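Here is the structure we will look at, set down as structure tokens.
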Amino acid sequence: MRGQWSLLLGPARLCLRLLLLLGYRRRCPPLLRGLVQRWRYGKVCLRSLLYNSFGGSDTAVDAAFEPIYWLVDNVIRWCGVGRNDMTTVSICKKCINPKPARTHHCSICNRCVLKMDHHCPWLNNCVGHYNHRYFFSFCFFMTLGCVYCSYGSWDLFREAYAAIETYHQTPPPTFSFRERVTHKSLVYLWFLCSSVALALGALTIWHAVLISRGETSIERHINKKERQRLQAKGRVFRNHYNYGCLDNWKVFLGVDTGRHWLTRVLLPSSHLPHGNGMSWDPPPWVTAHSASVMAV
Ligand SMILES: [Zn+2]
Ligand SMILES: [Zn+2]
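Going left to right, the sequence shown walks through residues -23 to -1, 1 to 273 as mature numbering (1 follows the signal peptide of the UniProt record, and there is no 0) numbers them.
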């Protein structure tokens, strides 16, 4: 069977080579030349799908479904369903929906999230446009609370720790059961608070740095790659969502006037963030104030 195949394939290959050779000649008929060109183009397309070192079966399936995404997107627009002022950057290949700038698909929540920062396993939810401020406030005030507890209970912790060290001395100390439970609880409290203060403090500082730069956790990686790519070409990367450190914080916290630092930041507030998360026009006062920053 194998021999029969090779017998057939050999002449077929020979014919193809002859056709390709003829394709180089000018006297070759235009129809044949066109066929040869199409054959070569098809081969390049096929190779680009199968021989891409970054690609896999997912890439091939995505590429094969690309016309369907295009069709669905256009049909939606013709019907006027998705007609609005939204600046669409791409189409989400999982939801098959228009994807605005800064939006990313969360594979755990199985939906697109506006200005997605990350998926938080502790909250079992995504941190994005509408809850990023709450997430940061929670981390910040929780860290402050833990630092306060650790600092405030430092003397109690030292006394309790010293008392526990005497438990195995001879003669044994005459602590009651209640006193022993109190000692152990105090040590447990101090270690727990200090650990949370350190871990959550590091996370809060990291997010504060990102907010100061006008980036989300995901954009941090994207911008870093883009910065390196442009640097290699001798060009400078500019983050369009960076309005300057103070203005980034004001936009993030929703502070429009000086009074808002008290009513919206220090005190609990349920105000909505700037914008709808679809388009990213900065507030008017940012445009006027930080035009020089944006121009850098
Ligand atoms: Zn999606
Ligand atoms: Zn999620």
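All C-beta atoms, glycine included, are put in the ideal place defined by N, C-alpha and C.
Predicted, not measured: the structure shown is a model, and the values here were computed from it.
| Asked | Found |
| --- | --- |
| Cβ shell of L12 (< 7 Å), same chain only, five flanking positions each side left out | none |
| Residue interval of the alpha helix (DSSP H) (run including R79) | From DSSP, R79 is part of no alpha helix (DSSP H); its letter is neither H nor E. |
| Straight-line gap, I68 to R10 (C-alpha atoms, nearest Å) | 38 Å |
| Burial state of E196 (16 or more Cβ within 10 Å) | buried |
| According to DSSP, residues forming a beta bridge with H96 | C103 |
| Inter-residue spacing [alpha-carbon to alpha-carbon] between H248 and L163 | 39 Å |
| Contacts around C170, its chain only, beta-carbon distance under 6 Å, and the 5 residues preceding and following it disregarded | C123, C126, S127 |
| Sheet register partners of V90 (DSSP bridge) | H81 |
| Meets three-Cβ-pair contact criterion under 8 Å: the segment 226 to 238 and the segment 203 to 216 | no |
| Pairwise C-alpha distance: P77 and I182 | 28 Å |
| M(-23) (DSSP reduced to helix, strand or coil) | Residue confidence is low: M(-23) scores 48 on pLDDT, short of 50, so the model does not pin down where it sits. Its coordinate-derived value is still stated next. Residue state, collapsed to three classes: coil. |
| Member of Y165, I85, C97, L180 whose CA lies at the smallest distance from the CA of L121 | L180 |
| Assigned secondary structure, S67 (DSSP; H/G/I helix, E/B strand, else coil) | strand |
| 8 Å Cβ shell around C72 - same chain, five flanking residues per side excluded | H82, R88, C89 |
| Contact the segment 148 to 157 vs the segment 107 to 115: 3+ CB pairs below 8 Å | no |
| Three-state secondary structure (DSSP) of C72 | coil |
| Burial state of P75, where buried means 16 or more other Cβ atoms lie within 10 Å | buried |
| Identity of the residue in L175, E142, I45 nearest M119 by Cα | L175 |
| Beta-carbon contacts of Y107 that lie in its chain and below 8 Å, excluding the five residues immediately before and after | L91, L249, P250, G254 |
| Alpha carbon of H96 to alpha carbon of N102, nearest angstrom | 6 Å |
| Alpha helix (DSSP H) segment containing R204, residue limits | 194 to 209 |
| Backbone CA spacing between K227 and N200 [nearest angstrom] | 22 Å |
| Alpha-carbon spacing of S256 relative to E43, whole angstroms | 25 Å |
| Backbone CA spacing between R157 and L133 [nearest angstrom] | 13 Å |
| Among T143, Y165, C116, Q146, the one whose alpha carbon lies nearest that of W131 | Y165 |
| Heavy atom of ligand 2 within 7 Å of V228 beta-carbon | no |
| L243 burial status per 10 Å Cβ neighbour count (16 or more: buried) | exposed |
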